[in-house]
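This report concerns only the one structure given below.
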Amino acid sequence: MIDEQIEPFCQEIPTKNVQKLPYDTIKYEIHIKKQDEQKYGIKQGKYVCIQTSKTFVYLNKAKDFVANELSKVLNKFLKQAKFTQNQIVLVAGMGNGDVACDSLGNLVTSRLLATEYLPEELKKELGNLCFVNCGVGGKTGISSFDVLMGVKEKVKPNIIIMVDSLLTTDVKKIGTCFQVFGNSLIPGGGVGNSQEGFNKLNLDGNVISVGVPLLIQAKSLGKVKKGIEEMFFTPKEVDFYARRCSQIIADAINQSVHKSGYKKFF
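So the sequence shown is residues 31 to 296, counted in our numbering.
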């Protein structure tokens, strides 16, 4: 399910703390106040974006660099949530894994190191990580919100990291802009299928959302034929972008949750 409400890619939104990094990468922040939610059409809070070039698609060094930068961003959000390494982190992979442009969440979870059934000698040097793929209601018959809330009640995680594909209005951001937001996202928000229950998820202030835009609306591409303005498009290489982006996000989460133990053993 593509999400739009955490998509601050419109050029008119002011950015802060812009940093120019190697591999043509730019890291910047967006701060939205409550009174500006309607103006910009996105939720209040702090957004951190890492905009890179397509170099990371071809160079492993660039990919690893972006993953490390994303891990640093996640570490800051985890610190704000008062996270400690023995606490439980639940990663929620949102979206439909059978649709390339909506598969990001499922691809990320497939690369995570879950720790529950690892040998004790490994677990003691790693974080406490688990994950769930929430699916889409049209496929499972259960809303992704109900799936996540059910797991949340059973597992009782201290931190939830939601991962989903995003909808963008800027074609340059497709597959190249990694965004972290200190709140829950609304799956389906970008394609007119919002699950508003997710607004209640962050009552404890322990939700972090991570996403990459993999879809764009036709009207954002300029002048288009009448009748297709509300259609959505994605690049023909979207499956490749989804896999590469998922590697970066999964590496960043593994590094942030498992700390030095991840590099030591894996």
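Cβ atoms here follow ideal geometry from the backbone N, Cα and C, with glycine treated the same way.
Query                                                                                                                                                                     : Result
Apart from the five residues on each side of it in sequence, which residues of its chain come closer than 7 Å, Cβ to Cβ, to Glu146?                                       : Cys160
Straight-line CA distance for Ala92 to Tyr53?                                                                                                                             : 6 Å
Do you know whose CA, among Cys275, Lys73, Asp281, lies nearest Asp132's CA?                                                                                              : Cys275
According to DSSP, is Met179 helix, strand or coil?                                                                                                                       : helix
Based on Cα-Cα distance, which residue from Ile204, Met192, Gly205 lies nearest to Ser9?                                                                                  : The shown model of the chain, from 31 to 296, leaves out residue 9, and the question about it has no answer.
Which of the three DSSP states, helix, strand or coil, is assigned to Ala272?                                                                                             : helix
Relative to the alpha-carbon of Leu286, which residue among Asp269, Leu100, Pro265 has its alpha-carbon at the smallest distance?                                         : First, the amino acid is wrong: residue 286 is Ser here, not Leu. Ranking the options by Cα distance to Ser286, first place goes to Leu100.
Measure from the alpha carbon of Gln277 to the alpha carbon of each residue in Gly75, Leu142, Ile72, Leu148, then state which is nearest.                                 : Leu142
Name the one or two DSSP bridge partners that Pro265 has.                                                                                                                 : For Pro265, which the question treats as bridged, DSSP gives no partner whatsoever.
Would you identify the three-state DSSP class for Ile191, choosing helix, strand or coil?                                                                                 : strand
When we look at the beta-carbon of Met124 and count the other beta-carbons within 10 Å, is it buried (16 or more) or exposed?                                             : buried
Suppose you measure from the CA of Val48 to the CA of Thr206; what does that come to, to the nearest Å?                                                                   : 17 Å
Have a look at the DSSP bridge pairing and note the partners of Gly241.                                                                                                   : Asp194, Gln209
With DSSP collapsed to three states, give me the class of Glu59.                                                                                                          : strand
How about Leu115 and Gly157: are their beta carbons less than 8 Å apart?                                                                                                  : Sequence inspection shows Gln at residue 115; the Leu mentioned does not correspond to that position. Cβ distance < 8 Å, so Gln115 and Gly157 count as in contact.
With DSSP run on the structure shown, which of helix, strand or coil describes Gln117?                                                                                    : coil
Is the separation between the beta-carbon of Ser195 and that of Leu245 shorter than 8 Å?                                                                                  : yes
So for Val108, helix, strand or coil by DSSP?                                                                                                                             : For clarity, residue 108 is Leu in the given sequence; the question names Val instead. Of the three classes helix, strand and coil, the one that applies to Leu108 here is helix, per DSSP.
Can you list, in chain order, the residues of its chain with a C-beta nearer than 6 Å to that of Asp281? Leave out the 5 residues immediately preceding and following it. : Ala97
Looking at the unbroken beta strand (DSSP E) that takes in Leu51, where does it start and where does it end?                                                              : 46 to 51
Please classify Gln277: does DSSP put it in a helix, a strand, or coil?                                                                                                   : helix
Could you give the DSSP three-state label for Gly222: helix, strand or coil?                                                                                              : Only weak support exists for where Gly222 lies, its pLDDT of 47 falling under 50; the value from the coordinates is given anyway. If DSSP states are grouped into helix, strand and coil, Gly222 belongs with coil.
Start and end of the alpha helix (DSSP H) containing Val138?                                                                                                              : 134 to 139
Taking 8 Å as the threshold (beta carbon to beta carbon), is Ile246 in contact with chain D?                                                                              : Chain labels in this structure do not include chain D; a single protein chain is all it has.
On the criterion of 16 or more Cβ atoms from any shown chain inside 10 Å, does Ile279 qualify as buried, or is it exposed?                                                : buried
Smallest Cα separation from Met179: which of Ala122, Val103, His288?                                                                                                      : Ala122
So, is Phe86 buried or exposed, given that buried needs 16 or more other C-beta atoms within 10 angstroms?                                                                : buried
What are the residues that DSSP puts in a beta bridge with Ala122?                                                                                                        : Val162, Met192
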